[in-house]
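K.L.:
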Amino acid sequence: MKPPRLRPGDLIAVVCPSSAPSMPALRRGVREIEKRGYRVLLGKHVAEKCDHLAGRDIDRLTDLNEAFRNPAIKAIFCARGGAGATRLLDRLDYAAIRRFPKIFVGYSDLTAPQLAIFHKTGLVTFSGPMVATDFDGGLRPFTARHFWPLVELPAPPQFCFKKPLEFLGDRPAQGPLLGGTLSVLQTILGTPYAPSFDGALLVLEDIGEKVHRVDRMLAQLRLAGVWDRIAGAVFATWTDCKPRPALERTLRHYAKLLKGRPAVFGVPYGHVDDKVTLPMGVMARVDPVKREIAMLEGAVE
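Residues in the sequence shown are numbered from 736 upward in steps of one, following this note's numbering.
(1) Which same chain residues, not among the five before or five after Val932, have their C-beta less than 7 angstroms away from its C-beta?
(2) What did DSSP end up calling Gln893 once you bin it into helix, strand or coil?
(3) What are the boundary residues of the beta strand (DSSP E) that includes Pro756?
(4) Buried or exposed: which applies to Gln849, given that a residue is buried once 16 or more other Cβ atoms fall within 10 Å of its Cβ?
(5) Does the segment 751-758 touch the segment 804-815, meaning 3 or more C-beta pairs lie closer than 8 angstroms?
(6) From Pro892 to Lys1010, what distance separates their C-alpha atoms?
(7) Below 8 angstroms, how does it come out for the segment 791-800 and the segment 762-776: are there three or more Cβ pairs, yes or no?
(8) Ignoring anything shorter than 4 residues or poking outside the segment 910-934, list the alpha helix (DSSP H) runs there in chain order.
(9) For the alpha helix (DSSP H) that contains Arg833, what are its first and last residues?
(10) So, are the CB atoms of Val1021 and Val938 less than 8 angstroms apart?
(11) Taking only three categories from DSSP, how would you classify Leu741?
(12) Assuming Ile852 is part of the alpha helix (DSSP H), what are its boundary residues?
(13) How long is the line joining the alpha carbons of Val947 and Phe1000, rounded to whole angstroms?
(14) With burial defined as no fewer than 16 other Cβ atoms inside 10 Å of the residue's Cβ, what is the status of Glu1036: buried or exposed?
(15) So, Pro911 versus Val1017, is the Cβ gap smaller than 8 angstroms?
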């Protein structure tokens, strides 16, 4: 299920299901969205704090569910990531999400609700820029080029990478893009909120993780049977994951376990300044022979 595309004058809700944002940065990000011709409605509790979270669970949940239930709201942009969104999964209003499908944008900690929403409703979500971290001061040109057409136009978006990607495997594969931040994905594996990754192109990235932790999490995916059933793997950016040489060897170890199914390295997605937005649930293709990755359909209607 794809959400309707954004049109000039549409209303966008900004909510914070995870950690608290910098309010000056959030306000600057909102102004940038308004410059694009959209109206913005802030969640009632975006300025609240509770330990490492943007307010109490019930308040963060209320903002998110109210945004999904409001048919006037056409998109929901998250303020920032951090932690805490996983605590809300069992109380999201999935019936409202099915009834009023809309664009839902975020990444990092938002990996958990995005995967849960896809699993429970089939709705395509958008793993992309957040208001207080990426829109603050305006989206970088590369990020904007790979975001706005995705949510405003129904045509399949085109990637335009700055650097060549690296490919392993001996045959192409296609499947829905699914995944996100590895350490967050791992927290919902084995719960009722994790989708099936059978036949998917599994997208993985992370930030600040030691190599032994990345190895352990990938091993869990393999032992859970995920690795044997995916169509291929998209290894994106691994910001501040060290030591780097050991990380590269570890990722290639798991790529080889795909036994000829394709793996691609270096996709600029996730915790990086210049990023592509990946629509989770949209069909894509990775071809190690032609050395290309492409989306096969648009993400909005």
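Each residue gets a CB set at the ideal place from its N, CA and C atoms; glycine is no exception.
P.N.:
In this structure, then:
(1) Note on identity: in this sequence residue 932 is Phe, with Val being the wrong assignment. Once the five neighbours on either side are set aside, the close Cβ partners of Phe932 are Leu913, Val961, Arg964, Ile965.
(2) coil
(3) First-last for Pro756: undefined, no H or E at that position.
(4) buried
(5) yes
(6) 14 angstroms
(7) no
(8) 917-923
(9) 829-834
(10) no
(11) coil
(12) 846-856
(13) A small correction: the amino acid at residue 947 is His; Val does not occupy that position in the sequence shown. Approximately 19 angstroms between the Cα atoms of the pair.
(14) exposed
(15) yes
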